[in-house]
Structure formats: C-alpha cells, structure tokens
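Protein chains in written order, with this note's numbering: chain A, 127 to 407; chain B, 17 to 271. For every residue, glycine included, the Cβ atom is placed at its ideal position computed from N, Cα and C. Contents: one structure, followed by commentary.
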Ligand SMILES: Nc1ncnc2c1ncn2[C@@H]1O[C@H](COP(=O)(O)OP(=O)(O)OP(=O)(O)O)[C@@H](O)[C@H]1O
Ligand SMILES: [Mg+2]
C-alpha cells in the first residue's frame, strides 16, 4: 500500500526568488525507511515539512502539485488533522520541549490533550511510548534536566503517542553527541521494525546506508535519484551533488571491490567486510 | 531547576482549595473593604488572609514581600501625615514637623487596603502552582493559547537565564571581566543580548512548528492529563464569598 504519494510538488517560500521544491514526484510504500540526502539548501527540510503540512500551511507561499499522506491531501487538511497520520521530529531537541509542562510524562501528554484523547487512553499510550523509547526511568523528571539523547527520544515519544503511521525526522541527531545520537538511531530503527513508515533527512551517510531501504537524493529542489543505498552510493557523480559516500563505500571503491554478483560497492561495515573477505579468499 | 514561581509545596487545606475559589477570595478581599470602608471590616479581612497564610504554612515566605510593601507604605504614612491638605488636628510634633491625625488616618486606610490586597494575592501565588491555576482557567474557557504563553513564560525565562549564565561563564573563561562596578557589568551584559535574544527568536519559530505538529491548533475540544482537583467545600465557599459580597452591597445601600 502506498503511504506517501508526491506528484509534481512545487513550492516557493514567501519572498524567496527560487523554488525550494521543484517538481518533486515519488512514492513510498508502507513500512519503508526512506533516507533524504543532498547538500545544504537542497530542500531536505522543506520536503520533510511538506509531508506534515507545515509547507504550505505554516509558511504560506506558492504551492503546486500535490502530496497525499495515507490518503489525505496535505493542502486540503490542517496540520492538526495531518498530525494523526504523520508525525515530525526536528533537529533541535530543546525547541521541541513545549516549556509548559513540569515532567516528561506531562510533556508527552501535550499532543494527546490537544487532540482531545480521553484520559484513560492517554495514560495507556504514554506508558507504551515511554517503554518503547526507553525513557521510563526519567518520566517524572523535568524535561530541561534531560540529556540531549533523552530529550530527542522524549520528542519522538510525544509524536509516536499520537499514533501516526508515518514518522518524518529532520536530522534528528545533528545536535547530539555520539552516545545520544546512537540512542536515537537505535530507537528509530526499532520503530521502523515495528512497521512505522519512516522518512529521515540525514547528513550521516553511514547511518543512511545502515538503516534505509531507499534513498532520495535531492539537488536544488529536484529529485536527482531515488534508489537503494547501494545504487545511490555507487554513483560516479555523487560528489557533484555534494554528498560523500559512506567511508566503507569509499574504501571499497578505492580497492575496486564490489558486492559479489552486483555492480554496486558495499555501503555498510558488514557488506564491506563480506566483500573484502571474498577478495582475500 | 530554578523556577521563577513563588509556589511553596506544602500540605494544607489552603493548598487543596481550587484556584478558582482563591481567585474569588481575592475578589472578595478587594471589593468588600471598598464597599464597606470601615476600619473594622478592613481589619477583619486582613485578619482572615493572615490566618489563611498561617494555616498554609507559608508565613515566612510572605515576610520579604510584606517587608517591601511596608517600605513603600512608610513613605505614604509620612507624606500623608505631614502634608495632607485636610490636615487640621496635630497629633504630635517631631522637631519642626507636625504629624496630623487626618493624614495618618487616611494613610492607615491605604495601608490596610494594600496589605489586604497583597495578602489575598499571596494566598493564591504561594499555594497554587502557576500551571494548575492556568489549567483551571482554560477549563473554565480561557483560550489554551493564552494559557500556554503564560505557563511557558514561567519555564522559559529560567531557561534563558541559565543560557545567559552559561555564556557569561564562557566569556569569563576567555578573560572577559564580568564582575565589578556597574559599568563593567553592563559592558559584560550587552554582548550577551545578541546570542540570547537572537537564539530565542530562532527558537520561537522552531518551537511554534513543533507545537503545530502536536495538534496545538486542533479544533477538537481539549482533554486533560490531570484530573481536575475539586475541593469538597469549594462550591460552598464560593457561594459564601459571593453572598458576602452581595450582602456588603446590600448593607451599604439599605443601612
Ligand atoms: N523560511 C524560509 N524562508 C525562505 N527561504 C527558505 C526558508 N527556509 C529555507 N529556505 C530556502 O529554501 C531552500 C531549501 O532549504 P532547506 O532548509 O529545505 O534545505 P536543507 O536541505 O534542509 O538544508 P540543510 O542541509 O542546511 O538543512 C534553501 O535555498 C533555503 O535558503
Ligand atoms: Mg535542513
């Protein structure tokens, strides 16, 4: 089943000269984990925001084409309505704290209160997501006392509790230390395994290669390519899009070692190890 | 975490009373002495507030505030005692200055009124969590957006102060002078405004988006995680207070 369909999506920010998104079309199946990559200002964040309705409802601006998430046309529905289908997590964990709640537990309840969920259901869902994101032990802490990794997991919990089936993440670990970053990636991976459809804009190509089923390569607001990580990172023109392949891919490319029986270079540590062992034997 | 709220966490029946009843009490404490401007009534009202503050176990917390209020009021007493135009009866003489009865009388009236209002507000502020107060008001129909702004200010200002002190520390570690006379302090403070204010502005846009995707502008009626705390006698107390206000008006008109 198609979870996301974008058809000829065009978008220009108010006052901007050029299109931030220029004729974007793609489709995402239920349960897929999609990585969105591209150089700075390629339009990754804008595309993420177009999935949840912030583009165009929050910014206004000129909009063309259409996006369907779980059957809802983004342009025709409010951000609040869309939030039941698709949730979004931002870069900065601090700005996602509402600042109006005293504990992590209450903080997660924020979205549920807004959508008018009955209290019993609320309690059930909060306990569920606390467990899912492994932050039960801090549920009575003040959000501002949490570590970056914990905060970001709390932000994800607050979104997941609203039971969307699609999760959009815009560089969710770019402001975290390596330990916090690992915590968050592990949590996202787990959610993906549980059946969430995940869209993640990310600069860390090793992570994209490790977790994503398919990768959407953006360049100046256009889709340059949409394919498996192996195909994308094996492209010869990758540098011209401002993207550096995962370190494993670069090593194997330098050594001329491809995945057995394919025309692609390995993209993960495991694949690289396997391919290299094959060569040594 | 630091908090700018004055709330004192204690167990007492005053803490248990719901915020709306406390608001009505403030109304009562302000209106009744105005409707019935006799000293006895004012004294009774101040007395009730004091008893409630004592019962709530927050008396010590009121001292600095009352101290400040009295500092202001002393000037009122002196000025009115010496210079009120209606002054006629000399009460006593301090050197070349004469204190008059009319002025002191008037100053006492003002003092009682101010103490009364401050006392009533203090009951609310010291025994009610700001978030609890706002939630009660939202339940009663206040816009959740206004409620959000009020509550978040209580949390975000201490956050801003914390980031301010982080930056100050960073600058001090680079050898910038941040302590000393006023001029040095101001010089150290100004460059902070840039990052802190600009940072907050950028944060505001991001925070607004983060709120949006969590259904902040949803048109569905809100529900609440916290069960509304209702105090068994609050309806009775509210009715009594309103009755007393109406009674005071009637007394004033008919007697
Ligand atoms: N609020 C805005 N108003 C006007 N133009 C904007 C706004 N936000 C982004 N843009 C422009 O839209 C284009 C795409 O920006 P976007 O933030 O989507 O890029 P990105 O791929 O997320 O970049 P980064 O890797 O830096 O996060 C850029 O040219 C940017 O300058
Ligand atoms: Mg971005």
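Close Cβ partners of residue i (< 8 Å) along its chain, the five nearest in sequence each way excluded
i	result
residue 381 of chain A	402 and 405
residue 152 of chain B	34, 35, 36 and 244
residue 150 of chain B	158, 163, 166 and 167
residue 227 of chain A	233, 235, 236 and 269
residue 200 of chain B	193 and 194
Cβ-Cβ separation, residue j to residue i (assumed contact under 8 Å), whole Å
i	j	result
residue 365 of chain A	residue 393 of chain A	Not really, about 16 Å apart at Cβ, beyond 8 Å.
residue 176 of chain A	residue 135 of chain A	6 Å
residue 257 of chain B	residue 44 of chain B	5 Å
residue 212 of chain A	residue 294 of chain A	6 Å
residue 161 of chain A	residue 328 of chain A	6 Å
residue 269 of chain A	residue 209 of chain A	About 20 Å; that fails the 8 Å criterion.
residue 217 of chain A	residue 320 of chain A	Between residue 320 of chain A and residue 217 of chain A the Cβ distance is about 24 Å, and since that is not below 8 Å, they are no contact.
residue 353 of chain A	residue 341 of chain A	7 Å
residue 139 of chain B	residue 247 of chain B	Not really, about 14 Å apart at Cβ, beyond 8 Å.
Contacting residues, own chain, Cβ-Cβ under 7 Å from residue i (five flanking each side not counted)
i	result
residue 281 of chain A	215, 219 and 222
residue 379 of chain A	391
residue 367 of chain A	164, 165, 343, 345 and 350
residue 248 of chain A	235 and 238
residue 28 of chain B	71, 72 and 73
residue 123 of chain B	92, 93, 96 and 97
residue 69 of chain B	75, 78, 135, 138 and 139
Residues near residue i by beta carbon distance below 6 Å, same chain, minus five either side
i	result
residue 307 of chain A	299
residue 246 of chain A	none
residue 77 of chain B	24 and 142
residue 265 of chain A	230, 231 and 256
residue 194 of chain A	131
residue 369 of chain A	163
residue 153 of chain A	128 and 131
residue 46 of chain B	133
Residue i burial status per 10 Å Cβ neighbour count (16 or more: buried)
i	result
residue 188 of chain A	exposed
residue 105 of chain B	exposed
residue 164 of chain A	buried
residue 48 of chain B	buried
residue 360 of chain A	buried
residue 181 of chain B	exposed
residue 17 of chain B	With a pLDDT of 47 at residue 17 of chain B, under the threshold of 50, the predicted position of this residue should be treated as unreliable, and no value is reported.
residue 296 of chain A	buried
residue 141 of chain A	exposed
residue 110 of chain B	exposed
residue 99 of chain B	exposed
residue 119 of chain B	buried
residue 362 of chain A	exposed
residue 50 of chain B	exposed
residue 220 of chain B	exposed
residue 266 of chain B	exposed
residue 189 of chain B	exposed
residue 358 of chain A	buried
residue 103 of chain B	buried
residue 79 of chain B	exposed
residue 96 of chain B	buried
residue 408 of chain A	Chain A is shown only over 127 to 407; residue 408 of chain A falls outside these bounds and no answer can be derived.
residue 182 of chain A	buried
residue 269 of chain B	exposed
residue 278 of chain A	buried
residue 372 of chain A	buried
residue 31 of chain B	buried
residue 397 of chain A	buried
residue 126 of chain B	exposed
residue 155 of chain A	exposed
residue 198 of chain B	exposed
Closer than 8 Å at the beta carbon, the chain C residues around residue i
i	result
residue 164 of chain B	Annotation note: the requested chain C is absent from the structure, which comprises protein chains A and B.
Taking Cβ-Cβ distances below 9 Å as the criterion, which residues of the segment 166-197 of chain B are in contact with chain A?
166, 167, 168, 169, 170, 171, 172, 174, 175 and 178
Members of the segment 230-248 of chain B near chain A, C-beta cut-off 9 Å:
230, 231, 232, 233, 234, 235, 236, 237, 238, 239, 240, 241, 242 and 243
Could you please tell me which residues of the segment 208-233 of chain B, in chain order, have their CB closer than 8 Å to any CB of chain A?
219, 222, 223, 224, 225, 226, 227, 228, 229, 230, 231, 232 and 233
Output, in sequence order along the chain, the residues in the segment 134-154 of chain B whose CB is closer than 9 Å to any CB in chain A.
Hits within the stretch, in order: 145, 147 and 150.
Chain-ordered residues, beta carbon under 5 Å from a heavy atom of ligand 1
A/139, A/142, A/146, A/166, A/167, A/168, A/169, A/170, A/171 and A/172
Between the segment 167-178 of chain A and chain B, which residues of the former have a C-beta closer than 7 Å to a C-beta of the latter?
178
Can you pull out the residues from the segment 232-260 of chain A whose beta carbon lies closer than 7 Å to at least one beta carbon of chain B?
232, 235, 236, 237, 239, 240, 241, 242, 243, 244, 245 and 248
Note down, in chain order, all residues in the segment 376-394 of chain A with a beta-carbon under 9 Å from any beta-carbon belonging to chain B.
Taking 9 Å as the cut-off between beta carbons, none of the residues of the segment 376-394 of chain A comes near chain B.
Give me the subset of the segment 256-289 of chain A whose CB atoms are less than 8 Å from a CB atom of chain B, sorted by chain position.
268, 270, 271, 281, 284, 285 and 288
Of all the residues that make up the segment 194-214 of chain A, which are near chain B by a beta-carbon distance shorter than 9 Å?
Residues 204, 205, 206, 207, 208, 209, 210, 212, 213 and 214.
Going along the segment 294-327 of chain A in order, which residues come within less than 8 Å of chain B, judged by CB to CB distance?
Contacts with chain B (Cβ-Cβ distance below 8 Å) from the segment 294-327 of chain A involve no residue at all.
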